[in-house]
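Participant: Please see the structure below; I have some questions.
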Amino acid sequence: MTSPAHGQHATTDTTASLPGPHAAEPQWPITTWQGWQHFATAPPLTPPRPGDAPRSTEERLAYHSAFVTVRTPAIDTLATQVRTLMLLGRHQQTTARPSLIVTGPAAAGKTTALLEVGRTCHLAHTRKNPAPPGRAHEQVPVAYLLVPPGATAKTLAIEFARYLGIPVTTRMTQAQITSAVCHTYTAAGIRLVLIDEIHRLNPRTTTGAEAADLLKDLTERIKATFVYTGIDVAATPCSAAYEAPNSPAAPASSPAAPSRPPRHPPTLH
Numbered sequence: 001m002t003s004p005a006h007g008q009h010a011t012t013d014t015t016a017s018l019p020g021p022h023a024a025e026p027q028w029p030i031t032t033w034q035g036w037q038h039f040a041t042a043p044p045l046t047p048p049r050p051g052d053a054p055r056s057t058e059e060r061l062a063y064h065s066a067f068v069t070v071r072t073p074a075i076d077t078l079a080t081q082v083r084t085l086m087l088l089g090r091h092q093q094t095t096a097r098p099s100l101i102v103t104g105p106a107a108a109g110k111t112t113a114l115l116e117v118g119r120t121c122h123l124a125h126t127r128k129n130p131a132p133p134g135r136a137h138e139q140v141p142v143a144y145l146l147v148p149p150g151a152t153a154k155t156l157a158i159e160f161a162r163y164l165g166i167p168v169t170t171r172m173t174q175a176q177i178t179s180a181v182c183h184t185y186t187a188a189g190i191r192l193v194l195i196d197e198i199h200r201l202n203p204r205t206t207t208g209a210e211a212a213d214l215l216k217d218l219t220e221r222i223k224a225t226f227v228y229t230g231i232d233v234a235a236t237p238c239s240a241a242y243e244a245p246n247s248p249a250a251p252a253s254s255p256a257a258p259s260r261p262p263r264h265p266p267t268l269h
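Numbering-wise, the sequence shown is residues 1 to 269 according to UniProt numbering.
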């Protein structure tokens, strides 16, 4: 991929091969553009057809471990909410764009729903905006990040940089990293930023408050819609800390609906 910042070329190839029955595991984590592209564009696994050669035990276990995400009305509701916020924020210039928090107990399917909606947005964008001849990808529509345990504002900024492979040195300040992130995300055409495990930040602490301020700054400087997920965020200061101004009301609740029914449905805020 050509890095939008400084017109430099990334040192790695961003073209992710599609997995087949004998494909190796992807080399890039999903919190990088290469890993996300692999996840978003990989075809769904299919069961063996009559007459196919028997699969090995490893292949059978790999197939059964890759749970199929059922596209339920709940996920459709979340996708509609995200799409609405993206449309509302597209023309908003002066303040932070509307954002969304998906919250609920552990193992409720929040991440599953988030990833499915992100995949849908990615595929819809690439279908509507095909790459010109000779280039694999013109824009990068979706970013997916995990909040690391004990994250500070600087380490969180580094996670944003790592997703697009933005070079970061030990001597760079948080402000320098943030400026590089905002410039590159804007140039790359990021439209949707998905931030998982937001409950790891506690805005009541100095470190957590600084990280929350960084996220607010990024929502104002990056032309993208931010969607957060976390465990029981509504019962913590996180909900107020990451609530963008002028956000439209969200449905009272919406189960994430992974392949297995969740014990408790997550809630949209």
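The beta-carbon is built from N, C-alpha and C at its ideal position, and this holds for glycine as well.
Is the stretch 145–156 touching the stretch 66–84, taking contact as three or more C-beta pairs under 8 Å?
Facilitator: With a cut-off of 8 Å, the stretch 66–84 and the stretch 145–156 do not count as touching, because too few Cβ pairs lie within range.
Participant: Who are the Cβ neighbours of Ala79 in its own chain at under 6 Å, not counting the five residues just before and after it?
Facilitator: Closer than 6 Å at the Cβ level, and outside the excluded window around Ala79, lie Val117, Thr120.
Participant: Have a look at the DSSP bridge pairing and note the partners of Thr225.
Facilitator: Answer by DSSP bridge pairing, in chain order: Leu192.
Participant: Do you know offhand how far Ile177's Cα is from Thr184's?
Facilitator: Distance between the alpha carbons of Ile177 and Thr184 is about 11 Å.
Participant: Could you tell me whether the Cβ of Thr169 comes closer than 8 Å to any Cβ of chain C?
Facilitator: Within the model displayed, chain C is absent; a lone protein chain is all it includes.
Participant: Which one or two residues does DSSP pair with Tyr163 in a beta bridge?
Facilitator: None; Tyr163 has no bridge partner.
Participant: Under a Cβ-count criterion, where at least 16 other Cβ atoms within 10 Å of its own Cβ denotes burial, should Asp52 be classed as buried or exposed?
Facilitator: That one is exposed.
Participant: My output table needs one value for Ala24: the three-state DSSP class, helix, strand or coil.
Facilitator: Summary for Ala24: the model assigns pLDDT 46, below 50, so the residue's position carries little reliability, and this model does not support an answer.
Participant: Going by C-alpha distance, which of Thr186, Ala113, Ala124, Gln174 is nearest Thr195?
Facilitator: Looking at the sequence provided, one finds Ile at residue 195 rather than Thr. When only C-alpha atoms are compared, the closest one is Ala113.
Participant: Candidates Asp232, Asp217, Ile231: which alpha carbon is nearest Thr225's?
Facilitator: If we check each option's Cα against that of Thr225, Asp217 comes out closest.
Participant: So, at 6 Å on beta carbons, what are the nonlocal neighbours of Ile158 in its own chain, with the 5 sequence-adjacent residues on each side left out?
Facilitator: Correct list, in chain order: Val168.
Participant: Excluding the five sequence neighbours on either side, which residues of its own chain have a C-beta within less than 6 Å of the C-beta of Arg221, listed in chain order?
Facilitator: For Arg221, where only same-chain residues beyond five positions count, the Cβ hits under 6 Å are Cys182.
Participant: Going by C-alpha to C-alpha distance, which of Glu59, Val233, Tyr228, Lys223 sits closest to Gln92?
Facilitator: Taking only the C-alpha atoms, the option nearest Gln92 is Lys223.
Participant: Please name the residue in Val227, Val233, Ala131 whose C-alpha comes closest to that of Ser99.
Facilitator: Nearest option by C-alpha distance: Val227.
Participant: Looking at Trp28 and Tyr163, is the spacing between their C-beta atoms short of 8 Å?
Facilitator: No, these two residues do not count as a Cβ contact at 8 Å.
Participant: Can you tell me which of the three DSSP states Ala40 falls into?
Facilitator: In the structure shown, Ala40 sits in a helix (DSSP, three-state: H, G or I).
Participant: According to DSSP, is Val140 part of a helix, a strand, or is it coil?
Facilitator: Coil at Val140, not helix or strand.
Participant: Taking the C-alpha atoms as reference points, what is the distance between Ala40 and Thr207?
Facilitator: Whole-angstrom Cα-Cα distance: 33 Å.
Participant: On the CB-based measure, 16 or more other CB atoms within 10 Å of its CB, does Leu85 come out buried or exposed?
Facilitator: By the neighbour-count rule (16 or more Cβ atoms within 10 Å), Leu85 is buried.
Participant: Name the residue from Pro132, Leu115, Pro47 whose alpha carbon lies nearest to the alpha carbon of Tyr144.
Facilitator: Taking only the C-alpha atoms, the option nearest Tyr144 is Leu115.
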